[in-house]
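Enquirer: First the structure, then my questions, so here it is.
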Amino acid sequence: TEYVTLDPGFVNTASCQSNITYIDGDAGVLRYRGYPIEQLAEHSTFAEVSYLLINGELPTPAQLEDFTARINRHTILHEDLKRFFDGFPRDAHPMPVLSSAVSTLSTFYQDSLNPKDAAQVELSTFRLLAKLPTIAAYAYSKSTGRPMLYPDNSKGLVENFLRMTFGWPAEPYEPDPEMVKALDLLFVLHADHEQNCSTSTVRMVGSSGANLFASVSAGIHALSGPAHGGANSAVLEMLEAIHRGDDDADSFMAKVKDKRDGVRLMGFGHRVYKNYDPRAAIVKKTADRVLARADNPLLDIAKRLEEIALQDDYFVQRKLYPNVDFYTGLIYQAMGFPTRMFTVLFALGRLPGWIAQWREGVTDPNMKINRPRQVYTGSAERQYVPFAER
Ligand code: CMC
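Letter 210 of the sequence shown, counting from 1, is numbered 259 in full-length UniProt numbering, and no numbers are missing.
Quick look at the structure:
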């Protein structure tokens, strides 16, 4: 007889071998290609980290220049693809708009769909890195009714994204350099996280031979859920509800601990980190810096919730600590993004990781189509009962 192991949620099952990202959940360690996240956060940039994740090594200055120039060549969207945004309702959530537009890229760029052709994979990589920020900015424009601006390829990726998001045609928008730096840092922190739900989805779709655009589009959908990337907007909604007085911090925490209505402390807990999330530590410092300029009652509530949680047996016993999403929403809000855009920002940051992992998967000589087994619990064989006799 066949032996099948049941492991719901893949708590103990590795789906692949990978040399991209290392996590030690007990020690709170995260490294991209061997480099500690703290060093990358301090010294590197999102463009450099994207190169590192995808190519395996830090770029030389010439390599980084070439990489950036190649991205800049592809930032513009086909005019027909721009019209695609018109079809969505005005109040469409930007996450499905993002994934739909990425899916559509496979109809516009049919010359870069073959996962077995290295040159085509390279081309789809640059197209995706270049176009996702433009698509994200247009998803935002759609919801606000603003005109869609063309990318300005003399700007860096983050600056360009902010310009397209918040600018007007007659009024060039110059983002605050501090804000550009903070968003670039947040993208670095989100850039990869080994086999999380969305990345596993990207690899799984890729394992069937589907192209990069299709695989990343699926990953964006996986990211949208509140247990994953959607947590960053859920945290803000939670803080706002407490601020409005729907609950105070203590009664909200009591509800969480009683597991009433399935309420969770959003932005807390992690499948792998059981000590602390090293990204959260860096984000908290950034939040303090970015939010220092003004009083922020939501930051005070967040700190109060964290303080209660870190001293409470419920959280201590279950090893629940703030994760990367706990403070990011507050920073995004201070930057002027509406709550619905937060998970889109997560997707922009995670893109190089998805690409690197997909490329590793499709070139892995041991790669097989991902096809989990199951343990069947339904009825034994039974006989069909004719319609009239039921
Ligand atoms: N608030 C209250 N209780 C929690 C929480 C929480 N945020 N997270 C876990 N628990 C409890 C859970 O009820 C369970 O208790 P018990 O042992 O009594 O049944 C125990 O802790 C273990 O939880 P689990 O659901 O088995 O753990 P998991 O590894 O399957 O889930 C998680 C990890 C991140 C989905 C979960 O902690 C969670 O739902 N957190 C809130 C959502 C969130 O912040 N997600 C972002 C994750 S980090 C970035 C990302 O991936 O996007």
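All residues carry an ideal CB built from backbone N, CA and C; glycine is no exception.
1. Roughly how many angstroms lie between the CA atoms of Gly-311 and Lys-304, to the nearest whole one?
2. Opposite Val-373 in the DSSP bridges: which residues?
3. Work out the CA separation of Leu-181 and Tyr-189 for me, nearest whole Å.
4. Report buried or exposed for His-92, applying the criterion of at least 16 other Cβ atoms within 10 angstroms of its Cβ.
5. What three-state label does DSSP hand Leu-79 in the structure shown?
6. Run through the DSSP bridge pairs and tell me what Asp-201 is partnered with.
7. With distances taken Cα to Cα, identify the nearest neighbour of Gln-244 among Gly-427, Tyr-71, Thr-54, Arg-420.
8. Taking only the alpha-carbon atoms, compute the straight-line gap between Ser-249 and Cys-65 and give it to the nearest angstrom.
9. Using only CA atoms, which one of Asn-68, Glu-227, Tyr-52, Phe-137 lies nearest to Leu-340?
10. Within the chosen definition, does the stretch 260-277 reach the stretch 394-405 through at least 3 CB pairs nearer than 8 Å?
11. Is there at least one non-hydrogen atom of the ligand CMC closer than 6 Å to the beta-carbon of Met-390?
12. For the stretch 323-357, which segments carrying the alpha helix (DSSP H) assignment without a break, of at least 4 residues, lie completely within its bounds, in sequence order?
13. Along the beta strand (DSSP E) that carries Tyr-71, what are the first and last residues, could you check?
14. Quickly, what does DSSP pair Tyr-84 with across the bridge? List them, please.
15. Looking at the structure shown, is Glu-106 part of a helix, part of a strand, or coil, going by DSSP?
16. Taking the alpha helix (DSSP H) that Glu-438 belongs to, which residues open and close that run?
17. Could you tell me which of Ala-141, Phe-436, Leu-101, Glu-286 sits nearest to Ile-69, measuring between CA atoms?
18. Starting from Ile-404 and walking both ways along the alpha helix (DSSP H), at which residues does that stretch end?
19. Flag Met-315 as yes when its Cβ comes closer than 6 Å to any non-hydrogen atom of the ligand CMC, and as no otherwise.
20. Which of helix, strand or coil does DSSP assign to Glu-114?
21. Under 6 Å from any heavy atom of the ligand CMC, does the C-beta of His-239 make it?
22. Does the beta-carbon of His-123, which I'm using as the reference point, lie nearer than 6 Å to any heavy atom of the ligand CMC?
23. Note down, in chain order, each residue of its chain lying with its Cβ closer than 7 Å to the Cβ of Ala-271, except the 5 sequence neighbours on either side.
24. If I follow the unbroken alpha helix (DSSP H) through Leu-261, where does it start and stop?
25. Check whether the Cβ of Leu-369 sits closer than 6 Å to any heavy atom of the ligand CMC, and report yes or no.
26. Just how far apart, CA to CA, sit Gly-327 and Leu-79?
Expert: This is what the structure gives:
1. 9 Å
2. Note: Val-373 sits in no beta bridge, so no partner.
3. 12 Å
4. exposed
5. strand
6. DSSP, once it has assigned bridges, lists no residue as partnering Asp-201.
7. Tyr-71
8. 9 Å
9. Closest by alpha carbon: Glu-227.
10. Enough Cβ pairs lie closer than 8 Å, so yes.
11. no
12. 327-340
13. 70-73
14. Tyr-81
15. coil
16. Glu-438 -> no alpha helix (DSSP H), and no H or E assigned at all.
17. Leu-101
18. 391-412
19. Look at Met-315: its beta carbon is less than 6 Å from one of the heavy atoms in the ligand CMC.
20. helix
21. If you check the C-beta of His-239 against the ligand CMC, you find no heavy atom less than 6 Å away.
22. Every heavy atom of the ligand CMC is 6 Å or more from the Cβ of His-123, so no.
23. Cys-246, Ser-247, Thr-250, His-277
24. 261-272
25. yes
26. Note that residue 327 is Pro in the sequence shown, not Gly. Cα to Cα, the separation comes out at about 7 Å.
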